[in-house]
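There are 2 protein chains.
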Amino acid sequence: MAFINENYLKLPGSYLFAEIARRVNAFKEVNPSADVIRLGIGDVTLPLPQVSIEAMHKAVDEMAVKETFRGYGPEQGYDFLIEAIREANYTSRGLKVDSDEIFVSDGSKSDCANIQEIFGLDNVVAIPDPVYPVYLDTNVMAGRTGELGADGHFAGVSYLPCTAESGFAPSMPEGHVDMIYLCSPNNPTGTTLSREQLEAWVAYARKEKAVILYDSAYAAYITEDNVPRSIYEIEGAREVAIEFRSFSKTAGFTGTRCGYTVVPKELMAYTKNGEARDLRSLWNRRHTTKFNGTPYIIQRGAAAIYTKEGQAQIKELVGYYMENARIIREGLTSAGLTCFGGVNAPYIWLQTPNNMPSWDFFNKLLSEANIVGTPGAGFGSCGEGYFRLTAFGDRENTLRAVERFKNLKL
Amino acid sequence: MAFINENYLKLPGSYLFAEIARRVNAFKEVNPSADVIRLGIGDVTLPLPQVSIEAMHKAVDEMAVKETFRGYGPEQGYDFLIEAIREANYTSRGLKVDSDEIFVSDGSKSDCANIQEIFGLDNVVAIPDPVYPVYLDTNVMAGRTGELGADGHFAGVSYLPCTAESGFAPSMPEGHVDMIYLCSPNNPTGTTLSREQLEAWVAYARKEKAVILYDSAYAAYITEDNVPRSIYEIEGAREVAIEFRSFSKTAGFTGTRCGYTVVPKELMAYTKNGEARDLRSLWNRRHTTKFNGTPYIIQRGAAAIYTKEGQAQIKELVGYYMENARIIREGLTSAGLTCFGGVNAPYIWLQTPNNMPSWDFFNKLLSEANIVGTPGAGFGSCGEGYFRLTAFGDRENTLRAVERFKNLKL
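Right, dumping it as structure tokens:
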């Protein structure tokens, strides 16, 4: 008799964005003429940069001719993309990252989800609360947690509360942990970790021989000079951290799919006997065995953003969304709401008025202002009392949404 | 202290194709002017079908304009592709497959590698010998096997010998097994399973409540009418089988990346308490949590092959390679060698002369005829004494390779 992986049964049935879609559809059924503005799911709305369009057209043409056709490429990605990433995001910033430490993939979601596979099941996982659900869900599926408790927490997981008091920086774990997920700029709170905070995490990981899984998918949205773009800006981080980066929000690749992961050679984890093994080799084995490379055409589109022209185009793209973020942040603040984020990230994290539960606020906002956002409780129990809005809408809708907020009876 | 997944350490160090590359490079260093013909790795050489090229250009243009830009798509794939697959490969052949049973992915390698994640670790895995290495390696990495023994077999795995006596059909397992990998048309033997053989497997799986993982990536290469293209042609297969299909060899997508997996709703596996759970829901959870969809542009390219024009173009593409297969098969046979496969598959499985070990034959062929192939032993211990040649080369090289075989001193 074939047995299922019973860890899957620990996961709660309804996924956050499925529940949102269900409620929006129910609302629209009763109110078919309602003009609903969606600032919920973090998907981009502007077209791809022109450099990527041109590069992909060229790559498609290459695939049409025998002499330039490309079959299987290196699973780790083509050199032209790896070297472009390396130069733009590391070497030119004085950070050492070797070419064979960069693994191109079909996106950060896959990498953040798959990375746990190279770790043993006995590791203690530390996860910020609230946070992007994929880190936790994939560890539940792998069997690194116990059951879901009545408090909304899985047994065996070290949750790191992120509260307004600490600027939504995850608190340090109380006991020992082995795998630490950090996300900066943060989804959903829109806040970032400072150099000092990252230094404390790297020091913790070095002391505890823990590994930091650093999701930096929104690095391109950092506007303030003193905020680290990469964890490798912190001394000693190469010995304790894996970094995830994405083209999704950087260059509008949410439906085009490209990301990459950096695993430095110095980064070790251990056998039960205490022997050190480098994680880069393990990730390389995983990547080459369970993945067959990102499409050549897509890699060409991604590499194009590292040209001078490309950099100007993504600066404009990011600037457009960050202007939306400013409009939302300032508009909501002037409407009397308390907002976080939106300065170095495309997310605004809004405190619900009068401590209203976040799903109640979702319902209120949908029915009274016809705006869809994301209830903070969907990202973890510490997200209760908060609400996420994204800056990825178009300008007109963003402005209209802010007007509706101002007219909302709080 | 972060622990590694120690199952990775069970895998042998050097991967088959890496070892081949090492030997070829060493040979070329000593013989820089040698004109080496590569019939080793199963990669295609002809360009993409024109319909896919045109569809991808159109899709790239859509991504350049806000009104037609596509962000996140459904993780399971766009309807336009799912419906095209369903009609062409199932409905029009009288086979029931529902739209929500088809999961589009970035290729069959990923799906064949990932599928085991939804199964418990206590299942007994049955794997043909010889076979495509990914099935076994991913089960080793997950911890579903013991250590590698001196006989080249992992403890706890049920190997299914495929020998010339049975036309390289895997023998039935001696005891009970839970997860059965089958590959037809087969890589590396180039042979196929008949209707009667598949019926026996489906009957076995139904009796044992086992699940068949049916890799049919080479289905487009079947030329004989009586060979099943899909396992769902067998009555009762919907209750016991998952099917994997690919655009890689069907339409030259090895570097373009698209495949799909079918998980019928009737297919159940069990909890330890014996409760039945449908695997489709588990795979859906895995697919939506650890994957974010195949690029829109690529899905458009894939869907184009299902137009009338597209079907004609892939027929021509496959026909070209199958003519190579005929040339190799007939040429080698007339040179006195014993060959299998090459009729319903792009692989020729050649018996080494005088029971020569397959790596010795590799060396002989490389040094005396400057031809690269793949030693059968690399696919499993029952592959010893055999050698794989692929029909994916171009015509001229294929003809030249056959001439060299004829002049080879056996």
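Residue numbers (the working numbering), protein chains in the order written: chain A, 41 to 450; chain B, 41 to 450. Using N, Cα and C, we set each Cβ at its ideal position, and we do this for glycine too.
query	result
Rounded C-alpha distance that separates F43(B) from I167(A)	17 Å
CB contact flag (Q237(B), A257(B), <8 Å)	no
Contact between the segment 371 to 391 of chain B and the segment 150 to 160 of chain B (3+ Cβ pairs under 8 Å)	no
Any 3 or more C-beta pairs closer than 8 Å across the segment 102 to 120 of chain B and the segment 364 to 373 of chain B	no
Cα-Cα separation, N65(A) to P225(A)	31 Å
Candidates T392(B), T311(B), N364(B) and F402(B): closest to A385(B) by CA position	N364(B)
Unbroken alpha helix (DSSP H) run spanning A153(B), endpoints	S148 to N154
Chain A within 8 Å of G207(B), Cβ atoms only	no
Any alpha helix (DSSP H) of 4 or more consecutive residues that is wholly inside the segment 216 to 252 of chain B	235 to 248
Cβ neighbours of I262(B) in the same chain (closer than 7 Å, five flanking residues each side left out)	P225, T232, R269 and N384
Any C-beta of chain B under 8 Å from that of I158(A)	yes
Below-8 Å beta-carbon distance, Q90(A) vs any chain B residue	yes
For P102(B), the nearest candidate out of T296(A), D138(A) and M396(A) (CA to CA)	Rather than Pro, the amino acid found at residue 102(B) in this sequence is Glu. Ranking the options by Cα distance to E102(B), first place goes to T296(A).
Same chain, Cβ closer than 8 Å to N332(B), five either side skipped, listed in chain order	Y112 and E115
Proximity test, Cβ basis, 8 Å: V84(A) and chain E	Absent here is chain E; the protein component of the structure consists of chains A and B.
Which of helix, strand or coil DSSP assigns to Q391(A)	strand
Proximity of V91(B) and M96(A) at Cβ, strictly below 8 Å	no
Rounded straight-line distance, which links the Cα of S73(A) to that of L135(A)	54 Å
Top-ranked residue by Cα proximity to V267(A), from E239(A), L51(A) and R235(A)	R235(A)
Helix, strand or coil at E115(A) [DSSP, three-state]	coil
Members of the segment 303 to 333 of chain B near chain A, C-beta cut-off 8 Å	A309, Y310, T311, K312, G314, R317, L319, L322, R325, R326, T328, T329, K330, F331, N332 and G333
Chain A contact residues for A250(B), given Cβ-Cβ distances below 9 Å	M41 and A42
Supposed contact pair R317(B) and A309(B) - C-beta distance, whole angstroms, cut 8 Å	6 Å
Spatial distance of V171(B) from D255(B) (CA atoms)	11 Å
When V303(A), Y130(A) and A291(A) are compared against C152(A), the one with the closest alpha-carbon	V303(A)
Whole-angstrom distance between G341(B) and K348(B), CA atom to CA atom	14 Å
Straight-line Cα distance separating N154(B) from S148(B)	10 Å
7 Å CB neighbourhood of L439(B) in its chain, flanking five on each side removed	I367
Cβ distance (whole Å) where G425(A) is taken to contact Q391(A) below 8 Å	7 Å
V412(A) beta carbon less than 8 Å from that of R78(A)	yes
Chain B contacts from the segment 190 to 218 of chain A (Cβ-Cβ distance under 7 Å)	D218
Residues that S150(A) contacts on chain B, provided the C-beta gap is smaller than 8 Å	K330, F331 and N332
Within chain B, the residues that I338(A) reaches when beta carbons sit closer than 8 Å	P335, I337 and I338
Local Cβ density within 10 Å of M212(B), reported as buried at 16 or more and exposed below that	exposed
P89(A) beta carbon less than 8 Å from that of A291(A)	yes
Alpha carbon of I354(A) to alpha carbon of S286(A), nearest angstrom	13 Å
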